[in-house]
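J.: Protein chains in written order, with my numbering: chain C, 7 to 520; chain Y, 7 to 520.
#1: Compute the Euclidean distance between the alpha carbons of residue 88 (chain C) and residue 80 (chain C), then round it to the nearest angstrom.
#2: Which residues, in chain order, does the stretch 358-369 of chain C contribute to contact with chain Y at a C-beta distance below 9 Å?
#3: Output the distance between the C-alpha atoms of residue 459 (chain C) and residue 412 (chain C), rounded to the nearest integer angstrom.
#4: Using only alpha-carbon positions, find the residue among Y:62, Y:475 and Y:189 that is nearest to residue 94 (chain Y).
#5: Kindly identify the DSSP beta-bridge partner or partners of residue 254 (chain C).
#6: Can at least three beta-carbon pairs, one atom from the stretch 446-456 of chain Y and one from the stretch 212-231 of chain Y, be found at a separation below 8 Å?
#7: Within 10 angstroms of the Cβ of residue 5 (chain Y), are there 16 or more other Cβ atoms? Answer buried if so, exposed if not.
#8: Pop quiz: residue 52 (chain C) and residue 343 (chain Y) are said to be a contact at Cβ under 8 Å. What is the actual Cβ separation, rounded to whole angstroms?
#9: On a Cα-Cα basis, can you pick out the residue from Y:406, Y:367, Y:48 and Y:444 that is closest to residue 336 (chain Y)?
#10: Do you know offhand how far residue 300 (chain C)'s Cα is from residue 204 (chain Y)'s?
#11: Which residue wins for smallest C-alpha separation from residue 498 (chain C), given the options C:113, C:417 and C:78?
#12: Could you tell me if residue 488 (chain C) is buried or exposed, where buried requires 16 or more neighbouring beta carbons within 10 angstroms of its beta carbon?
#13: Show which residues of chain Y have a CB atom less than 9 Å away from the CB atom of residue 183 (chain C).
#14: Could you give the DSSP three-state label for residue 225 (chain C): helix, strand or coil?
#15: Mind listing the chain Y neighbours of residue 163 (chain C)? Cutoff is C-beta to C-beta under 8 Å, in chain order.
#16: So which residues on chain Y does residue 207 (chain C) lean against when the C-beta distance must stay under 7 Å?
#17: Please confirm whether residue 474 (chain Y) has its beta-carbon closer than 8 Å to some beta-carbon of chain C.
#18: So, with DSSP's three-state summary, where would you put residue 174 (chain Y)?
#19: Can you tell which of Y:226, Y:228, Y:233 and Y:201 has its C-alpha closest to the C-alpha of residue 220 (chain Y)?
#20: Classify residue 157 (chain Y) as helix, strand or coil using the three-state DSSP reduction.
#21: Please confirm if residue 507 (chain C) has its CB atom under 8 Å from at least one CB of chain Y.
#22: CA-CA distance, residue 69 (chain Y) and residue 457 (chain C)?
#23: In the stretch 429-501 of chain Y, which residue ranges form an unbroken beta strand (DSSP E) of at least 3 residues, counting only runs that do not cross its ends?
#24: Output yes if chain C places a C-beta closer than 8 Å to the C-beta of residue 272 (chain Y); else output no.
#25: With 7 Å as the C-beta to C-beta threshold (strictly closer), list the residues of the stretch 401-420 of chain C near chain Y in chain order.
#26: In the DSSP assignment, the alpha helix (DSSP H) including residue 115 (chain C) goes from what residue to what residue?
#27: Could you give the DSSP three-state label for residue 90 (chain C): helix, strand or coil?
#28: Quick check on this structure: which residue in C:511, C:500 and C:507 has the alpha carbon closest to the alpha carbon of residue 187 (chain Y)?
#29: Would you please verify whether the beta carbon of residue 455 (chain C) is less than 8 Å from any beta carbon of chain Y?
#30: Report the CB separation of residue 259 (chain C) from residue 236 (chain C) in whole angstroms; it is logged as a contact under 8 Å.
#31: Could you compute how far the alpha carbon of residue 361 (chain C) sits from the alpha carbon of residue 78 (chain C)?
#32: Within 8 Å of any Cβ in chain Y, is that where the Cβ of residue 298 (chain C) sits?
#33: Please list, in chain order, the chain Y residues whose beta carbon lies closer than 8 Å to that of residue 318 (chain C).
#34: Are the stretch 357-371 of chain C and the stretch 386-401 of chain Y touching, with three or more C-beta to C-beta distances below 8 Å?
#35: Name the two residues that bound the continuous alpha helix (DSSP H) containing residue 311 (chain C).
#36: Does residue 503 (chain C) get closer than 8 Å to chain Y when you measure Cβ to Cβ?
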């Protein structure tokens, strides 16, 4: 056998052809293997290939500390391990460590190894960039929260303090320990079978969805699902469906922007008291609806409108995209099942844990008509490139052991109490402001007198509130009557701050007769 | 206050205006709240709004079981909870359960609740689709593994059986329990500060990278990083950089396809014994290199070539993209530090846990020049839409508590033993076949005599081996000399199967003099 290894580390000349021999003998002697397989840490140092090893090592270590590359407190590898890594004598490294301790660069403590000393010189020579607002916001906190508002009443967010940490960790532990080895190899794009099986059972039982695990595709949330369907993510860049897409005339601007970026034209569908007027669907290719709880105005889609949407899809070969973003949270009214149950071949059902558990998990699912499964998988790519395996396995366990149901019921109770407090306060202090959309979900809509939305939003900001007005959600081409109002998310503020947040909201509302 | 709630569940007429009253009084009585907040499961049933409640419930439950929507074994909610959900009398539900048990639809066991009976009728009315090859493959196993080969020697995959489950779960537990509440709210696109801080320290220490946490952006792996840089993912669809992009003339076809989909022209850069000929860089905007271990041919980039790449970037305003895909795994030679350390303003450093821990975690990072950070964040979107928070926090803990170093050292030892066994076997049985690229990484390249690669691959398939030939990696416009060979990943086969895999490989090689 001939081994022709190119073996040039930095500063060497590439002429080292001895790799084969060393490879063949290393295991026999076992010395490097022993040092290499220990419990030390890895340390990268560039040493010149000629001259005194000791001087070179001292220079390299001093430079790394002085430049800040090795931060104060960094634990260095044991001298034996570093000597093995660098291929130099152990004594040389031990002496260098001792000298640098004497010089104050390093600190050695019995039993806790050798560390970089704490110093007063700047830790990093890399220019810390001027903090832009975007980067400032992303450093520690979610975007708009870093700058000022005392209370976050923006819609669409569950209470981050209620994430079921203990139960989730227990599910991670069970799921990771029970997983087959292949779970940690390259993953298939459809998502783990364990999760798809658990979801098929749960969605059938709790949401009236009719499906089998073979028709579910796991994704990183609703936005990812839209990208897979209409383009903008996945291997090919192109999506599975084309526009024009009918959308409710009030909805998330972010979704419209996402569709616009994929060159999909959106056509606004008027809303009335019974929800989207699906009887007016025409030549669009698909319609995106939030039937359980219209977002953001808050009503469920009337049974006749649900049927009309499915009839339209059957007659025209169209598709209904069902955004079931908060279907679990209903308070006073009977559960509203998924439209998907009416015709699994004509409805794409989309859900996620973003409202029920946390938007930070990035876990969602698509329940697809049979004829779309292969297309979506093709767009998603040969391998799973997005959703991590541990969260997928953990959610499967979380669903199967009943933790998901328990969490949803506990949160439903908590959110309903918050909703009730909000409604009571408004009844007392602003009886002229109608409240809608409160039978379900995590937000209410406070209808405002014509012309008062901008000034009320200004007053709300003045009161330290972060929230949105209905105008932000209106499709730019909407022809239905203008609605003015506040969209008030009541799930997010910490429990102790909620009464004050409601007070501040009441104080921001326009007086009667304005 | 006026409450104008649209309250039409399926089958109701939308005229129920009493929500406000109920909202106001529910908390006072507490009955529904108590039932709702219990530990039951959720069950969705559609009941008509008129007629006998009991008959309607019986019909709805029978239909749900008969249709397969409620699978055999499914646990039903306690009758109290279902009664509260449906707004009907408890006795009615209890009687309906009893009747369905008597009819054999349900089974009740003391202490374990009421479940759907096991039956012999088909469980799902939803047509289980014909299994396409793509869907078959994705059902349980990674793509090509489901169909036949006895041994997987494809490159680029770590040993899935060695995923450090116990240590990882311990890190998840510590990290999730220690996280602030805001960690479970909407996430900023740059990634958790805990992880960026831990990575900045680790990459400086182990890989010679010079950075600060502010310049690191977390992503879902190398492919996601390419998409963020060149387009194809994130909010805007457009990337940060433009082509043409110089690439090594041997590399992953998947990466070239990804760049092609983003309309980025790739220009092949010739390779020789010292690695990519960076001195020949011209008017390209950027160059993508794998300096620690050229992929797939296996050598490190010579020091002069490293310097030449950085000099070119400085002189032309270009960028070096450094793919450090397996820099942790080096065996015989001294560590090769990151090119990024030469000039953090001209090098984008890209890494992930896909080789060191598992490709199924979907966790990677970009270390960016200062001037690119805001652009990449803008492309990634206002909020994190991809990488889950628990894995980010867990990896931060895993790095900080030393588990990452321990795991890498353990795997380095294991992979080196596999590498040595491969080299020994080839020395004995195929001394005419040169082995290259074995000083580091998870794969070796076996150089083959001219004209023998296709027939050797055929023989390898005949031996039950899954592996790739060098031709698969060659850029279609490459002008350098054709190389023929096998790319042999030695990390993936289970420990017990590895000797047999090596035997099969030796048996597939062309005889001396062919």
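Cβ coordinates follow ideal geometry from the N, Cα and C atoms, glycine included.
T.: Answer, in terms of the structure:
#1: The straight-line gap from Cα to Cα measures roughly 15 Å.
#2: Residues of the stretch 358-369 of chain C with a Cβ closer than 9 Å to any Cβ of chain Y, in chain order: 360, 363, 364, 365, 366, 367, 368 and 369.
#3: Taking the straight line from one Cα to the other gives about 39 Å.
#4: Cα-wise, what sits closest to residue 94 (chain Y) is Y:62.
#5: C:275, per the DSSP bridge assignment.
#6: No, the stretch 446-456 of chain Y does not touch the stretch 212-231 of chain Y.
#7: In this structure chain Y extends from 7 to 520, so residue 5 (chain Y) is not present and cannot be described.
#8: Your pair residue 52 (chain C) and residue 343 (chain Y) checks out as a contact, with CB atoms roughly 6 Å apart and the cut at 8 Å.
#9: For residue 336 (chain Y), the closest alpha carbon among the candidates Y:406, Y:367, Y:48 and Y:444 is that of Y:444.
#10: C-alpha separation (whole angstroms): 42 Å.
#11: Checking every option, the nearest Cα to that of residue 498 (chain C) belongs to C:417.
#12: By the 10 Å Cβ count, residue 488 (chain C) comes out exposed.
#13: Listed along chain Y, the residues sitting closer than 9 Å to residue 183 (chain C) by beta-carbon distance are 171, 172 and 175.
#14: The answer is strand: DSSP assigns residue 225 (chain C) an E or B state.
#15: Here the neighbours are 191 and 192.
#16: Identification of chain Y residues near residue 207 (chain C) by a Cβ-Cβ cut-off of 7 Å yields 77 and 80, ordered along the chain.
#17: Judged by the 8 Å Cβ criterion, residue 474 (chain Y) is not in contact with chain C.
#18: In the three-state reduction of the DSSP assignment, residue 174 (chain Y) falls in the helix class, which pools H, G and I.
#19: Here the closest residue by C-alpha is Y:201.
#20: Reduced to three states, the DSSP call for residue 157 (chain Y) is strand.
#21: Closer than 8 Å: no.
#22: Straight-line Cα distance between these residues: approximately 51 Å.
#23: For the stretch 429-501 of chain Y, whole beta strand (DSSP E) runs of length 3 or above, ordered along the chain, are 449-453 and 491-495.
#24: Chain C, which has no Cβ nearer than 8 Å to the Cβ of residue 272 (chain Y), makes this no.
#25: Within the stretch 401-420 of chain C, the qualifying residues are 408, 411, 412, 414, 415, 416, 418 and 419.
#26: No alpha helix (DSSP H) holds residue 115 (chain C); the beta strand (DSSP E) holding it covers 112-115.
#27: Reduced to three states, the DSSP call for residue 90 (chain C) is helix.
#28: Out of C:511, C:500 and C:507, C:500 has the C-alpha closest to the C-alpha of residue 187 (chain Y).
#29: Not one beta carbon of chain Y lies nearer than 8 Å to the beta carbon of residue 455 (chain C).
#30: About 16 Å separates the two Cβ atoms, so there is no contact after all.
#31: Straight-line measurement puts the Cα of residue 78 (chain C) at about 41 Å from the Cα of residue 361 (chain C).
#32: Judged by the 8 Å Cβ criterion, residue 298 (chain C) is not in contact with chain Y.
#33: Those within 8 Å of residue 318 (chain C) in chain Y number zero; the least Cβ separation is about 18 Å.
#34: Result yes; three or more Cβ-Cβ pairs closer than 8 Å.
#35: First-last of the alpha helix (DSSP H) with residue 311 (chain C): 309-322.
#36: No, residue 503 (chain C) does not count as interfacial toward chain Y.
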